[in-house]
Amino acid sequence: MTRLHKLILGAAGLTALGIGLGITFMPQDFQASYGIVANTNPAALSELRAPGANLAMLGAVILAGAVRTGMAGLSAALGTLVFFAFAGGRLVSLALDGWPGEAIASALVIELVFGGLCLWTWRGLGATRQGQVAVHAR
Numbered sequence: 019m020t021r022l023h024k025l026i027l028g029a030a031g032l033t034a035l036g037i038g039l040g041i042t043f044m045p046q047d048f049q050a051s052y053g054i055v056a057n058t059n060p061a062a063l064s065e066l067r068a069p070g071a072n073l074a075m076l077g078a079v080i081l082a083g084a085v086r087t088g089m090a091g092l093s094a095a096l097g098t099l100v101f102f103a104f105a106g107g108r109l110v111s112l113a114l115d116g117w118p119g120e121a122i123a124s125a126l127v128i129e130l131v132f133g134g135l136c137l138w139t140w141r142g143l144g145a146t147r148q149g150q151v152a153v154h155a156r
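Residue numbers for the sequence shown follow my numbering, beginning at 19 and rising by one.
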């Protein structure tokens, strides 16, 4: 694994971890940063915090691949999935709901960039030979 691969996994993991923690512990502030008025209903906040915690944990696994070589393939594959899934959801929303504004559009670009970089890393690590994911825990 090259230093660039480590840097990509580290940056992608820290980004997902940080955003996930922000959504989990400060959902109203996080939404306000995108110009969204957050609901104060406990059920609505729970619906924000749960996927936020999920994103934080996924980010931790992606980050782990930057420091544990044996996890790099899994982390790169996971980063590809996580960031492209967010981008895909935003594209569906764009088609069905209309323009979300500059802040959300910027998030879409960042997600596409990280998804592409994680895919490049995954392929560079040789984890996609004959369509199979190579996962080796060490």
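Note that the Cβ used here is the ideal one computed from N, Cα and C, for glycine as well.
No experiment lies behind these values; they were computed from the predicted model shown.
Residue i, enclosing alpha helix (DSSP H) - first and last residue
i	result
W138	E120 to G142
S64	P60 to V85
I11	An answer regarding residue 11 cannot be provided, because it is not within the stretch 19 to 156 covered by the chain.
Alpha-carbon to alpha-carbon, residue j and residue i
i	j	result
G77	G38	8 Å
V55	L135	32 Å
E120	F48	15 Å
G144	V131	20 Å
L22	G97	15 Å
A51	G116	Here residue 51 is Ser; the residue named in the question, Ala, does not match the sequence. Distance between the alpha carbons of S51 and G116 is about 20 Å.
L25	T33	12 Å
R67	T20	35 Å
Residue i versus the options, residue with shortest Cα-Cα distance
i	options	result
R108	G119, L99, G142 and L126	L126
A94	L130, G142 and G40	G142
G70	G88, V100 and M89	V100
G106	I128, G91 and A68	I128
L92	V79, L25, A103 and N57	V79
F102	K24, G133, M19 and L96	G133
A30	W117, M75 and N57	M75
G88	L32, W140, L35 and A34	W140
L35	F104, N72 and K24	N72
G28	S124, A90 and T58	A90
Do the region 57 to 72 and the region 81 to 90 touch if we need at least three Cβ pairs shorter than 8 Å? no
Just checking, does the region 97 to 116 make contact with the region 43 to 51 on the three C-beta pairs under 8 Å criterion? no
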